[in-house]
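A.B. asks: I'd like to ask some things about the structure below.
There are 2 protein chains.
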Amino acid sequence: MNALLVLSGGMDSTSMLYAYRNGIRLAVNFHYGSNHNDRERESARYHCGKLGIELVEIDLDFMTRYFSSSLLSGADAIPEGSYDSENIRSTVVPFRNGIMLSIAAGLAESRGLDTVMLANHAGDHAIYPDCTPAFAEAMDKAIEAGTYPGIRLYTPFTHLTKAEIARKGADAGLDPCQTYSCYKGGETHCGRCATCVERHEAILTAGLPDTTPYQSTELLTK
Amino acid sequence: MNALLVLSGGMDSTSMLYAYRNGIRLAVNFHYGSNHNDRERESARYHCGKLGIELVEIDLDFMTRYFSSSLLSGADAIPEGSYDSENIRSTVVPFRNGIMLSIAAGLAESRGLDTVMLANHAGDHAIYPDCTPAFAEAMDKAIEAGTYPGIRLYTPFTHLTKAEIARKGADAGLDPCQTYSCYKGGETHCGRCATCVERHEAILTAGLPDTTPYQSTELLTK
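Chains as they are written, first to last, in this note's numbering: chain A, 63 to 284; chain B, 63 to 284.
Laid out in structure tokens, this is it:
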């Protein structure tokens, strides 16, 4: 496998970077104008540098300009509390994974790679339609049909929970607390938004210590 | 149908704009750094203005920077002569239609539209993998699965020839000679590149006069 990984710099894709680093030749990080993209990108740079994997950074300015999502509307628009469908739905960025995977497929073809990887996972299925197995299967077929070399999409975390992913990353040498998740995008994790709550719970469930500094811990599982 | 059309400003997508204008609420034009994108965009603007359809213009700078294709390498790199596979293959921009359709899907969801349209057609199948019916079917499924409202892809020109498309456009009021095709991207059509040769032949086969000014006519069907 000669793969390109879509790497946000969050816990899931960074765990994939570590767990599959022997087959990953290139990572691509996208900035689509969300509050947390700057911090995520720092994390992506740090881990690619550490593992000696090339990182391409692509800015998708048109998404800030033309797309609707609370994730693109400043930290105050981000809902707080648990990561359930109703609460988090406003953060959906329409067809984000479709856009990132399509660009990744074109980049993979340009670089002579055979596989594109994405760290979608079971915890996101109910909320983000472009994280579901049905989406990933159809997108795999579209990329295979639409590229000369028949590039394939590989999503080995599709049926894992976020805790299982944290465990996989840790087993491969990643400290999950050295990744960035907070949707508010502050210098330290807020500890109140749904992604902070979900991240903390996953790290604990994986049996790992959560040494992430949080601004507030009152909404976090003890 | 409330559709968004991917509109290059070339003959095929402009014919679709005219033929389906009653259902098209928005058009999107992409600039990916090719030699002919500037001229195509002028054509897209002209026809949207004429029909009173809103046009969103999106620039994909990363493609110029990171993608390989003779289409992105200046006019001198464009092959001349007939539009057969071997000759035109260097002009493939990897997964271009996948990228444009994915962005169009996200934009359609942001605008509350239910359909994305693309003017891929039979003449391009052999050359561009992301113009084939197999690609369009898989991409339709991916967009339906990956968007909240289940947006669909509609490609009614998939099985038409370019001549049939020229005819459809003309029947709907378009003068095909008022669109732009030349891959070299000059102020007037070169008449030597494969797209000029193909365009001219399609217009004649459709039984229409070709009043396009060409810099050279020696390679064109009489």
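Virtual Cβ for every residue (Gly too), placed ideally from N, Cα, C. Fair warning: this is a prediction, and the values are worked out from it, not measured in the lab.
(1) Would DSSP call residue 65(B) helix, strand or coil?
(2) Should the stretch 208-221 of chain A be called in touch with the stretch 206-213 of chain B, which here means at least 3 C-beta pairs below 8 Å?
(3) Would you decide whether residue 278(A) is buried or exposed? Buried here means 16 or more other CB atoms lie within 10 Å of its CB.
(4) From what residue to what residue does the beta strand (DSSP E) around residue 257(B) run?
(5) Tell me, to the nearest whole angstrom, how far the beta carbon of residue 117(A) is from that of residue 83(A); I am working on the premise that it is less than 8 Å.
(6) Does any residue of chain A bring its CB to less than 8 Å from the CB of residue 182(B)?
(7) Please classify residue 72(A): is it buried, with 16 or more other beta-carbons within 10 angstroms of its beta-carbon, or exposed?
(8) Look up residue 197(A) in the DSSP assignment and say whether it is helix, strand or coil.
(9) From residue 66(A) to residue 200(B), what distance separates their C-alpha atoms?
(10) Determine, using beta carbons only, whether residue 236(A) and residue 253(A) come nearer to each other than 8 Å.
(11) Just checking my contact of residue 3(B) with residue 232(B) at CB under 8 Å: how many whole Å lie between their CB atoms?
(12) Check the Cβ-Cβ distances between residue 68(A) and every residue of chain B, and say whether any is below 8 Å.
(13) Under 8 Å, Cβ to Cβ, is there at least one residue of chain B near residue 238(A)?
(14) List the residues of chain A that residue 159(B) touches, going by C-beta distances under 8 Å, in chain order.
(15) Taking a cut of 7 Å between CB atoms, which residues from the stretch 161-177 of chain A lie near chain B?
(16) Can you check whether the C-beta of residue 201(B) is within less than 8 Å of a C-beta belonging to chain A?
(17) Please classify residue 159(B): does DSSP put it in a helix, a strand, or coil?
(18) Say whether chain A places a C-beta atom closer than 8 Å to the C-beta of residue 139(B).
(19) Decide if the stretch 101-110 of chain B is in contact with the stretch 239-256 of chain B; the criterion is three or more beta carbon pairs, one per stretch, under 8 Å apart.
(20) So with Cβ pairs under 8 Å, would you call residue 100(A) a contact of chain B?
(21) Counting only beta-carbon atoms, is residue 216(A) nearer than 8 Å to chain B?
(22) Using a Cβ cut-off of 9 Å, pull out every chain B residue sitting near residue 130(A), in sequence order please.
(23) At a CB-CB cut-off below 9 Å, which residues of chain A make contact with residue 194(B)?
(24) DSSP three-state label for residue 140(B), please.
(25) Whole angstroms is fine: what's the gap from residue 174(B)'s alpha carbon to residue 271(B)'s?
(26) Return the residue from the list 85(B), 98(B), 81(B) that minimises the CA-CA distance to residue 257(B).
(27) In angstroms, rounded to a whole number, what distance separates the CA positions of residue 274(A) and residue 192(A)?
(28) Can you tell me whether residue 88(A) is helix, strand or coil according to DSSP?
(29) Cβ closer than 7 Å: which chain A residues qualify as neighbours of residue 256(B)?
(30) Counting Cβ pairs closer than 8 Å, one from the stretch 160-172 of chain B and one from the stretch 134-142 of chain B, do we hit at least three?
C.D. replies: Reading from the atomic positions:
(1) Taking the second sequence and counting its residues from 1, the one referred to as residue 65(B) is at position 3. If DSSP states are grouped into helix, strand and coil, residue 65(B) belongs with the strands.
(2) Short answer: they don't touch.
(3) As a first step, residue 278(A) is located in the first sequence; it is residue number 216 there, counting from the start. By the 10 Å Cβ count, residue 278(A) comes out exposed.
(4) Position 195 of the second sequence, counted from the start, is the residue given in the question as residue 257(B). Run containing residue 257(B): none in the beta strand (DSSP E); it sits in the alpha helix (DSSP H), 256-267.
(5) Residue numbering aside, residue 117(A) sits at position 55 when the first sequence is read from its first letter. Residue numbering aside, residue 83(A) sits at position 21 when the first sequence is read from its first letter. The beta carbons of residue 117(A) and residue 83(A) sit about 13 Å from each other, so the pair does not count as a contact at 8 Å.
(6) Taking the first residue of the second sequence as 1, we reach residue 182(B) at position 120. It does not: the Cβ of residue 182(B) has no partner Cβ on chain A nearer than 8 Å.
(7) By one-based count along the first sequence, residue 72(A) stands at place 10. Under this definition residue 72(A) is a buried residue.
(8) By 1-based counting over the first sequence, the position of residue 197(A) is 135. Of the three classes helix, strand and coil, the one that applies to residue 197(A) here is helix, per DSSP.
(9) Residue 66(A) sits at position 4 when you count from the first residue of the first sequence. Residue 200(B) sits at position 138 when you count from the first residue of the second sequence. Cα to Cα, the separation comes out at about 21 Å.
(10) Looking up residue 236(A) in the first sequence gives position 174. Looking up residue 253(A) in the first sequence gives position 191. No, these two residues do not count as a Cβ contact at 8 Å.
(11) Past the boundaries of the shown model lies residue 3(B); chain B is included only from 63 to 284, so the question cannot be answered.
(12) Looking up residue 68(A) in the first sequence gives position 6. Residue contact with chain B for residue 68(A): absent (no Cβ-Cβ distance below 8 Å to any residue of chain B).
(13) Your numbering for residue 238(A) matches position 176 in the first sequence. For residue 238(A), the closest Cβ of chain B is not nearer than 8 Å.
(14) Working through the second sequence from its first residue, we reach residue 159(B) at position 97. Ordered by position in chain A, the residues that pass the 8 Å Cβ test against residue 159(B) are 208.
(15) Within the stretch 161-177 of chain A, the residues whose Cβ lies closer than 7 Å to some Cβ of chain B are 161, 164, 165, 167, 168, 169, 171, 172, listed in chain order.
(16) Along the second sequence, one-based indexing puts residue 201(B) at 139. For residue 201(B), the answer is yes, since a Cβ of chain A falls inside 8 Å of its Cβ.
(17) The residue given as residue 159(B) occupies position 97 in the second sequence. Per DSSP, reduced to three states, the secondary structure at residue 159(B) is helical.
(18) Position 77 of the second sequence holds residue 139(B). So, not an interface residue.
(19) The stretch 101-110 of chain B vs the stretch 239-256 of chain B: in contact.
(20) Indexing the first sequence from 1 puts residue 100(A) at position 38. No - not a single Cβ of chain B is within 8 Å of the one on residue 100(A).
(21) Residue 216(A) sits at position 154 when you count from the first residue of the first sequence. Residue contact with chain B for residue 216(A): absent (no Cβ-Cβ distance below 8 Å to any residue of chain B).
(22) By one-based count along the first sequence, residue 130(A) stands at place 68. Going along chain B in sequence order, the residues near residue 130(A) (Cβ under 9 Å) are 171, 172, 173.
(23) As a position in the second sequence, residue 194(B) is number 132, starting the count at 1. In chain order: 207, 208.
(24) On the second sequence, residue 140(B) is found 78 positions in, with the first residue counted as 1. Three-state result, residue 140(B): coil.
(25) The residue you call residue 174(B) lines up with position 112 of the second sequence. The residue you call residue 271(B) lines up with position 209 of the second sequence. In a straight line, the C-alpha of residue 174(B) is about 40 Å away from that of residue 271(B).
(26) Along the second sequence, read from residue 1 onward, the residue named residue 257(B) stands at position 195. Selected option, being the one with the closest Cα: 98(B).
(27) Here residue 274(A) corresponds to residue number 212 of the first sequence, with the count starting at 1. Here residue 192(A) corresponds to residue number 130 of the first sequence, with the count starting at 1. Between residue 274(A) and residue 192(A), the C-alpha separation is close to 28 Å.
(28) As a first step, residue 88(A) must be located in the first sequence, where it is residue number 26. The answer is strand: DSSP assigns residue 88(A) an E or B state.
(29) Position 194 of the second sequence, counting from 1, holds the residue named residue 256(B). Simply none; closest approach about 18 Å.
(30) Taking a contact to require three or more Cβ pairs closer than 8 Å, the stretch 160-172 of chain B and the stretch 134-142 of chain B do not qualify as touching.
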